[in-house]
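FYI, in the UniProt record's numbering the residues of the first sequence are 1 to 301.
A virtual CB, placed ideally from N, CA and C, is assigned to each residue, including glycine.
Below you'll find the structure, written out as structure tokens, and then a few comments.
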Amino acid sequence: MDRPPDAAEIVEVVTDWYAASARDLPWREPGASAWSVLVSEVMLQQTPVARVLPVWREWCERWPTPAALAAATPGDAVHAWGRLGYPRRALRLHAAARAVVEQHGGEVPADHAALRALPGVGDYTAAAVAAFAHGGRHAVLDTNVRRVLGRVLDGVAAPRPAITRAERERAEALLPADGRQAARWSVGVMELGALVCTARAPRCGDCPLATRCRWLAAGRPETGPPRRAQVWEGTDRQARGTLLAVLRAAPGAVPRARLEDAWPEEVQRERALAGLLHDGLVEELPGGAYALPGRWGAAAG
DNA sequence: CATTCGTGGTT
DNA sequence: TAACCAAGAAT
């Protein structure tokens, strides 16, 4: 449980690098609200920064507080989510906004457990919001941080698919005692993984940890079995995405025939539609039409 | 613990 | 160009 002897050194090197090399992202600005940080973190789950930026700006302008989003319909959130992918995140963010209003007086909580209890907020996002928005001292273990620590400290190219207890305890042991310094270290090591210690073509020549990296010292060995390639053509996900795209583009309700045109294969279309209805991403109207939830009467935009 | 869940840029 | 993959969460 003791801090590794060179922990302070690694933390200092990374935080110095971050101060000089970090991207200028709006949710990192001093004036960013905890709510805007939460919105960014949920949007950034499995979605690249470049695609998040314009949607995040639109959301923050339109719904600057949890109460503002809570007053909208879930369908409005799904619609404004656009093409970020994994649209259930939009639904969960909307549900989180309502929970914040109802259970936390409209203020995004600073407590990790309270954050973790919000819809769409897992271990990573709870730690990130607690740390980045509130200065709390929490280990922030996303895929970037796991990759950097795995390479530098373990000498392996990629971390295991599932996070281990030992990994979490080590990350906690690395944390500076002060919460805000810990947050700076966390965002710094995350940024290092995003910009330098990347999954595919790491730029070890630009890495501040190059002289301390076990993986680089070992000659950057490829370790572990390659991940199974994810198929896309003909999957239920593609069908769901296609159907939801039709509903997103429509001003209001959509007749069933238009969904049948969008995905002619019946068995898969019905399965996908049933899934969307089950998830609450789509609403079935009395007349046999479909719409984003709460947007059946929506005019345009 | 393994699966499911979008999307589009990069290599 | 097909494959890869980008700040995970829920079940």
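Using the rule of at least 16 other Cβ atoms within 10 Å of the residue's Cβ for burial, across every protein chain shown, is residue i buried or exposed?
{"i": "T125", "result": "buried"}
{"i": "W232", "result": "exposed"}
{"i": "M1", "result": "The pLDDT assigned to M1 is 46, lower than 50, so where the model puts this residue is not dependable, and the model offers no usable value."}
{"i": "G75", "result": "buried"}
{"i": "V37", "result": "buried"}
{"i": "D142", "result": "buried"}
{"i": "R180", "result": "exposed"}
{"i": "E191", "result": "buried"}
Using beta-carbon positions only, say whether residue i and residue j come within less than 8 Å of one another.
{"i": "R88", "j": "D236", "result": "no"}
{"i": "A97", "j": "L69", "result": "yes"}
{"i": "G275", "j": "R248", "result": "no"}
{"i": "A289", "j": "R256", "result": "yes"}
{"i": "V52", "j": "L44", "result": "yes"}
{"i": "H112", "j": "A128", "result": "no"}
{"i": "V42", "j": "W59", "result": "no"}
{"i": "L195", "j": "V13", "result": "no"}
{"i": "V100", "j": "P66", "result": "yes"}
{"i": "I10", "j": "R146", "result": "no"}
{"i": "R92", "j": "P119", "result": "yes"}
Say the cut is 7 Å; is the CB of residue i nearer than that to a heavy atom of the ligand NAD?
{"i": "V39", "result": "For the structure depicted, the ligand NAD is absent and the ligand set is empty, with no information on it obtainable."}
Kindly list the residues whose CB is nearer than 8 Å to the CB of residue i, restricted to its own chain and excluding five residues on each side of it in sequence; keep chain order.
{"i": "A300", "result": "Reliability of the predicted coordinates at A300 is poor, the pLDDT of 41 falling under 50, and no value is obtained from them."}
{"i": "L243", "result": "L259, A262, W263, R269, A272, L273, L276, V282"}
{"i": "T47", "result": "L84, G85, Y86"}
Please report the residue range of the beta strand (DSSP E) in which residue i lies.
{"i": "A291", "result": "289 to 291"}
Which residue marks the beginning of the alpha helix (DSSP H) containing residue i, and which one marks its end?
{"i": "C60", "result": "49 to 62"}
{"i": "H278", "result": "266 to 279"}
{"i": "G241", "result": "236 to 249"}
{"i": "Y18", "result": "7 to 21"}
{"i": "S186", "result": "179 to 195"}
{"i": "V148", "result": "143 to 149"}
{"i": "T125", "result": "123 to 132"}
{"i": "E233", "result": "First-last for E233: undefined, no H or E at that position."}
In chain order, what residues of the same chain lie with their CB nearer than 7 Å to the CB of residue i, ignoring the 5 residues before and after it?
{"i": "G155", "result": "R214, W215, A218"}
{"i": "A131", "result": "H138, V140, A182, A183, S186"}
Excluding sequence positions up to five away, which residues of its chain have a Cβ less than 6 Å from the Cβ of residue i?
{"i": "A157", "result": "E222, T223"}
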